[in-house]
Amino acid sequence: MTIDVLYFAWLRERIGVPRERVDTAAATVRDLVAELSARSDWHAAALSDLSAVRVAVDQRLGDLDAPLPGAREVAFFPPMTGG
Amino acid sequence: MTIDVLYFAWLRERIGVPRERVDTAAATVRDLVAELSARSDWHAAALSDLSAVRVAVDQRLGDLDAPLPGAREVAFFPPMTGG
Amino acid sequence: MRVLVQPEPFDAAALLDGFGAGAGAVVTFTGLVRADDGLVALELEHYPGMTEAALTQHAQAAMDRFALTDALVVHRHGRIAAGEPIMMVATAAPHRRAAFDAADFLMDWLKSRAPFWKREIGPEGPRGWVAAKAEDEAALDRW
Amino acid sequence: MRVLVQPEPFDAAALLDGFGAGAGAVVTFTGLVRADDGLVALELEHYPGMTEAALTQHAQAAMDRFALTDALVVHRHGRIAAGEPIMMVATAAPHRRAAFDAADFLMDWLKSRAPFWKREIGPEGPRGWVAAKAEDEAALDRW
């Protein structure tokens, strides 16, 4: 399946792109992270400490175990700092 | 001594005047209440249940034991309902 | 810090223009007259002199206690039609917790310690004086 | 209920004109950019689509939970100069407790769950991304 992967804030800066389209068979976000980390050293470094990373699947907050089949968009970003 | 006595809200309405000047030797608010209650049945009725009455001496909240010598203004009113 | 006690309607936008400049957080509370049970207006009596002094003293207490950078209290008296604002407080602080708590504190105090007395006016004319609420009294114990 | 996510400054007075009509209590919170440590501006990144949806969802949650009669959330993104308002929430309810609590609830949520990320801009240029605060995270546990 094809999924749009989005990065925000320092993840966007470190990985170097705001979004990329990936073809994946990942069953969960955790599997997707493993695939993305193999893409480049930047990906691997940015996604190495997942305690500092939040994830949204189809614009809803999820976790590493969130299932991916059927998803169209996955976003990775640091903890939010609004307000 | 001469003291201005002020009444607010339903105390003003029941006693029938917003203020009156009294010549008194009362040592405390409690003594003053006793003197005022002797002025008319309206005074007596309005001041009969002091749990429903608040008092200020020279515009500062006080209680029945507040000393009066030196005071210029004593006000009686129901519990406040601002805001 | 500013305290206003007046019969006229107040212009909230004008009063808040520039309020909290340099602060990080501004909280406002506005109380409006609800048209409950066909209420047409409230009539507020106050204690001229004491009311202004008491409001000023408590606005200062809030400034000190919550390290506010600014505070504003506006309270009307006289006849206030249903739907109209009756009062407003505004607090400014570096961070939100202090601004929220100070506004909350000022309101709890205003409800039960500020020298104002409310009477309800219905279509038929004046109703009774509004009784103090035990919950308003109890709210003060939080501080 | 109204939710706005926009780069432009907002006109608080215009947005609040008529807000809370018929309610008894209106609370507003305005967050401003503090010029701490020579800060010149904040730069806010958001997640177009998700941000609007998340704000709408939580404004609705506040409406339901606190039985509000109205709610307003405005949040800017992009570059916001020191001293300028960055966001505002407003809540309207029959009584003050609900209006205060709902505004407080919305702010706690916005600080740690709304998809915004802040970066500080100094006179020397961009500084780092603002780290999430443990106290903001802990504040959510109150609800």
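Chains as they are written, first to last, in this note's numbering: chain V, 2 to 84; chain W, 2 to 84; chain X, -14 to 128; chain C, -14 to 128. For every residue, glycine included, the Cβ atom is placed at its ideal position computed from N, Cα and C.
- The Cβ of Phe9/V sits closer than 7 Å to at least one Cβ of chain C.
- The residues Leu62, Phe77, Phe78, Pro79, Pro80 and Met81, in chain order, have a CB closer than 8 Å to that of Arg55/V in the same chain once the five nearest residues on each side in sequence are set aside.
- Looking at the DSSP output, His31/X bridges to Phe101/X.
- Only those residues of the region 21 to 54 of chain C whose C-beta falls short of 7 Å from the nearest C-beta of chain V are listed: Glu30, Tyr32, Gly34, Met35 and Ala38.
- Around Arg13/V, the same chain offers Pro19 as residues with beta carbons nearer than 6 Å, after the five sequence neighbours per side are excluded.
- One alpha carbon belongs to Asp86/C, the other to Phe14/C, and they sit about 12 Å apart.
- For Thr36/C, the secondary structure class from DSSP, reduced to helix, strand or coil, is helix.
- For Arg13/V, the three-state secondary structure derived from DSSP is helix.
- Listed in chain order, the alpha helix (DSSP H) elements of length 4 or more contained wholly in the region 43 to 98 of chain X are 81 to 98.
- Taken through DSSP and simplified to helix, strand or coil, Arg55/W comes out as strand.
- Between Ala(-2)/C and chain X, the shortest Cβ-Cβ separation is below 7 Å.
- Per DSSP, Leu33/V is one residue of the alpha helix (DSSP H) stretching across Val30 to Ser38.
- Annotated three-state conformation of Trp43/V is helix, per DSSP.
- About 11 Å separates the CB atoms of Ala8/C and Ala56/C; that is not less than 8 Å, and the two are not in contact.
- The beta-carbon distance between Val59/X and Met48/X, rounded to whole angstroms, is 16 Å. This is too long to meet the 8 Å contact definition.
- Against Ala67/V, chain C offers no close residue; the least beta-carbon distance is about 15 Å (beta-carbon pairs closer than 7 Å).
- For Asp5/W, the enclosing beta strand (DSSP E) has its first and last residue at Thr3 to Tyr8.
- In the structure shown, Glu(-7)/X falls within a coil segment according to DSSP collapsed to helix, strand and coil.
- When secondary structure is reduced to three states using DSSP, Thr41/C falls in the helix class.
- The three-state reading of DSSP puts Glu120/C in helix, counting H, G and I together.
- When Cβ-Cβ separations below 7 Å define contact, Gly63/W makes no contact with chain X.
- Each residue's CA atom was taken as its position, placing Glu21/W and Phe9/W some 12 Å apart.
- A direct Cα-to-Cα measurement between Leu69/V and Ala28/V gives close to 5 Å.
- Sequence-distant partners of Trp128/X (beyond 5 residues in either direction) whose C-beta falls short of 7 Å from its own C-beta, in its chain, are Phe90 and Asp93.
- With the criterion set as a beta carbon lying under 7 Å from some beta carbon of chain C, the region 95 to 106 of chain X has no members that meet it.
- Per DSSP, the continuous beta strand (DSSP E) segment holding Asp24/W begins and ends at Arg20 to Asp24.
- For the pair of segments examined, the region 19 to 26 of chain X was found to touch the region 91 to 110 of chain X: the number of CB pairs separated by less than 8 Å reaches three.
- The beta carbons of Ala84/C and Ala10/C sit closer together than 7 Å.
- Sequence-distant partners of Gly5/C (beyond 5 residues in either direction) whose C-beta falls short of 8 Å from its own C-beta, in its chain, are Val11, Thr54, Asp55, Ala75 and Ala77.
- Around the C-beta of Pro100/X, 16 or more other C-beta atoms lie within 10 Å, and the residue is accordingly described as buried.
- Per the C-alpha coordinates, the member of Pro(-8)/C, Leu27/C, Gly3/C and Phe(-5)/C positioned closest to Gly113/C is Leu27/C.
- Under the DSSP definition of a beta bridge, Val11/C partners with Thr15/X and Ala77/C.
- In the pairwise beta carbon analysis, the region -14 to 0 of chain C is classified as not touching the region 43 to 50 of chain W: fewer than three pairs are separated by under 8 Å.
- Taking 7 Å as the CB threshold, Met2/V stays off the interface with chain C.
- Residues of the same chain with a CB within less than 6 Å of the CB of Ser38/V, apart from the 5 flanking positions on each side, are His44, Ala45 and Leu48 in chain order.
- Cβ-Cβ distances below 6 Å link His43/C to Trp94 in the same chain, with the five nearest sequence neighbours on each side left out; the list follows chain order.
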